[in-house]
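**Q** This is the structure I have questions about; it appears just below.
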Amino acid sequence: MQQGVVVWNKGNIELENGSKILAAATSSSAVRGSSFNIIFLDEFAHVPNNIADQFFTSVYPTISSGETTKVFIVSTPLGLNMFYKLWVDAEEGRNNYTPIDVHWAEVPGRDDKWKQETIKNTSELQWNQEFECEFIGSTLTLIAPSKLRTMTFKNPIHSRNGFDIFEEPKPNKMYCVIADTAQGKEQDYSALSVFDISEIPYRQVAKYRDNTISPMLYPNVIYQIGMQYNTAWLLVEVNDVGANVAETLHFELEYENIMMCSMHGRAGQKLGGGFGKNAQLGIRTSKQLKRIGCAALKDMIETDKLIIYDFDTLAELTTFASKHNSYEAEEGAHDDLAMTLVIFAWLVQQQYFKDLTDLDIRKQMYKEQMEALEQDMLPFGIIDDGQEAESYTDSEGTRWGVVETQRNYF
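Under this note's numbering, the letters of the sequence shown match residues 260 to 669, in that order.
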C-alpha cells in the first residue's frame, strides 16, 4: 500500500514510515551533519569547480559509513571539471563508480532527421555537448577544442598539500620551474609547474597549486621543490608581490639557479645571465610577452612538443579563452597554471635558454615539417634489377621476349 505523506513542501518530503527526501542547494554546508542512504546529484557538471569540490568534501562522509549507501551523479558534460575527472576515472577503473552513457538515439522517435533539425535550431557545438555527451569547453580557447579532447591526464604518484608529482626527479636530468604568485587570500592561486627540459617533447613532471599560502611562505615551498628537482632552473613571475618572492629566494635563501631578464627597449624583455644595468630577477608579464607566449604554447601543445599530465592544468586550458585581443580565464575560472605554461613557452624561445639546454624547438619543428613535405613530394619509383628480360625460342624458330615501353610519370 502507498505510504501516507506527513510532510510535502519544496525542501523535503516525509512519509509515515519515517522515510525522508531532502532537497538542498549545492553548497559546502548543504547536508553537513546528516546521514543518507542515497544521494542524487543532478547536473553536477554545471556546478562551479570550487563549489563542487567543497560540496563533495562535505557530502561524501555522510554516505561513506553505510554498506548499502549509494551516490548517483547525473549530468550533461560541460568542459573538463570534477564531473569529467570522476567520469574518466570510472571508465579506467580508478574509482568505484559505474559509468552509464545514455545516447540520444536510444530515445524513441529520435532519428537522423530529428538530429539535423535540432542542429539547425541550435548549433553543432551545442548538439555535441548536450546530445553527443562530449566534454568540450569554450570554442574560443587558445588550444583547439579538437586537441583538448585528445589530451589525457595522469594521476599523481605522490600528492601532498597541493604539490602533485607525476615523475620523480632523475639524476643528470635538467628541470625548470615556472612560479606564479598570488595574494594568498583564497582567490587566485599561487602556482608553479616543473618541466623536464632535458629533451623534446618537454614534460610537466610536477605542479603546485594553493590559494591560501602567504607570499612570505611561498619562497620556501619553491626552494624545496627546486632543490628536489636537481636545483632546477627557476623563473619567477614578478608582477605584484612576486618581486618579493624572487628577492627572498635570491638574497635570503640563496637559490643559485634563479633566472634573470633585462629590458631591451621595443624588443621587450629578454632572458639573460643577469648582466647589465636593466637586469632584474624573474620576469614581468606584459602584453607583448603574453602574445608571444600564447602563440608559442599553442604550437607546442598542438604539435606534441609539450606534454601536460596534470588534470587542473588541462582544466584551466579548457577555459583559457580569447577576450579583448588576448587570452585569459573565463568568468569564474582561473588561469594561474595556464600562465605558467605561457611563460614557459616564451622561455623556450629565448636564445639564452637554447644555449642553456642545447635544444632549439623552432628548428626541430621546422625540420619535422620539411621532412613531412619531402615524404609527400617523393616521386613514384621505377625498379630496375639490372637483369635482362626473359626470352625463349619456339619450335618454329621464332624468338619471343618482353618489350620495354617508355612511360611518362607526372
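Cβ atoms here follow ideal geometry from the backbone N, Cα and C, with glycine treated the same way.
Can you name the start and end residues of the alpha helix (DSSP H) that Gly531 belongs to?
**A** From DSSP, Gly531 is part of no alpha helix (DSSP H) but of the beta strand (DSSP E) over Gln528 to Gly531.
**Q** Would Gln528 be called buried (16 or more neighbouring beta carbons within 10 Å of its own) or exposed?
**A** Classification for Gln528: buried.
**Q** For the beta strand (DSSP E) that contains Tyr482, what are its first and last residues?
**A** Counting along the chain, Tyr482 falls outside any beta strand (DSSP E), though it belongs to the alpha helix (DSSP H) covering Tyr477 to Gln487.
**Q** Once you ignore the five residues that flank Thr328 on each side, which residues in its own chain have a CB closer than 6 Å to its CB?
**A** Same-chain partners within the cutoff: Asn296 and Ile322.
**Q** Tell me where the beta strand (DSSP E) around Ser213 begins and ends.
**A** Residue 213 cannot be examined here, being either before or after the span of the chain that is shown, 260 to 669.
**Q** Check whether the region 417–437 and the region 465–476 are in contact - that is, three or more C-beta pairs closer than 8 Å.
**A** Because the criterion of three Cβ pairs below 8 Å is met, the region 417–437 and the region 465–476 touch.
**Q** Assign Val264 to one of two classes, buried (16 or more other C-beta atoms within 10 Å of its C-beta) or exposed (fewer than that).
**A** It counts as exposed.
**Q** Please classify Gly552 as buried or exposed, where buried requires at least 16 other C-beta atoms within 10 Å of its C-beta.
**A** Classification for Gly552: buried.
**Q** Whose CA, out of Val266, Phe394 and Tyr319, lies closest to the CA of His305?
**A** The residue with the shortest Cα to Cα distance from His305 is Phe394.
**Q** Short of 7 Å in beta carbon distance, which residues of its chain neighbour Tyr356, apart from the five on each side in sequence? Order them along the chain.
**A** Once the five neighbours on either side are set aside, the close Cβ partners of Tyr356 are Leu345 and Ala349.
**Q** Thr616 by DSSP, collapsed to three states: which one?
**A** Thr616: helix per DSSP, three-state reduction.
**Q** What are the start and end residues of each continuous alpha helix (DSSP H) run of 4 or more residues lying completely inside the region 341–404, in chain order?
**A** Here the runs fully enclosed are 341–350, 371–380 and 383–389.
**Q** Roughly how many whole angstroms lie between the Cα atoms of Ile272 and Ile298?
**A** Going by the C-alpha atoms only, they are around 15 Å apart.
**Q** In this structure, how does DSSP classify Leu451 when only helix, strand and coil are distinguished?
**A** Leu451 falls in the strand class under three-state DSSP.
**Q** Asp595 lies in the alpha helix (DSSP H); which residues open and close that run?
**A** Here the alpha helix (DSSP H) through Asp595 covers Asp595 to Leu606.
**Q** Can you look up Asp499 in the DSSP assignment and give me helix, strand or coil?
**A** Of the three classes helix, strand and coil, the one that applies to Asp499 here is coil, per DSSP.
**Q** Compute the Euclidean distance between the alpha carbons of Leu512 and Tyr482, then round it to the nearest angstrom.
**A** Each residue's Cα considered, the two are about 8 Å apart.
**Q** Using DSSP bridges, identify the partner residues of Ala332.
**A** Note that residue 332 corresponds to Ile in the displayed sequence, not to Ala. Looking at the DSSP assignment, Ile332 forms a beta bridge with Leu300.
**Q** I believe Leu508 touches Val500 by the beta-carbon criterion, under 8 Å. Please report the beta-carbon distance rounded to the nearest angstrom.
**A** With a Cβ gap of about 13 Å, Leu508 and Val500 do not count as contacting.
**Q** Going by the beta-carbon positions, is the gap between Thr400 and Phe603 smaller than 8 Å?
**A** Their beta carbons are not under 8 Å apart, which means Thr400 does not touch Phe603 by this criterion.
**Q** Which residue or residues does DSSP assign as beta-bridge partners of Phe570?
**A** BP columns for Phe570 are empty, so no partner.
**Q** Three or more C-beta pairs closer than 8 Å, one from the region 580–596 and one from the region 446–453: is that the case here?
**A** The region 580–596 is in contact with the region 446–453.
**Q** Counting pairs of Cβ atoms below 8 Å between the region 606–617 and the region 369–384, do you hit three or more?
**A** No contact exists between the region 606–617 and the region 369–384.
**Q** At a Cβ threshold of 8 Å, is His593 touching chain B?
**A** The chain labelled as chain B is not found in the depicted structure, where only one protein chain is given.
**Q** Can you round the beta-carbon distance between Gln539 and Met519 to whole angstroms, since I take them to be within the 8 Å contact cut?
**A** Correct: roughly 6 Å between the Cβ atoms.
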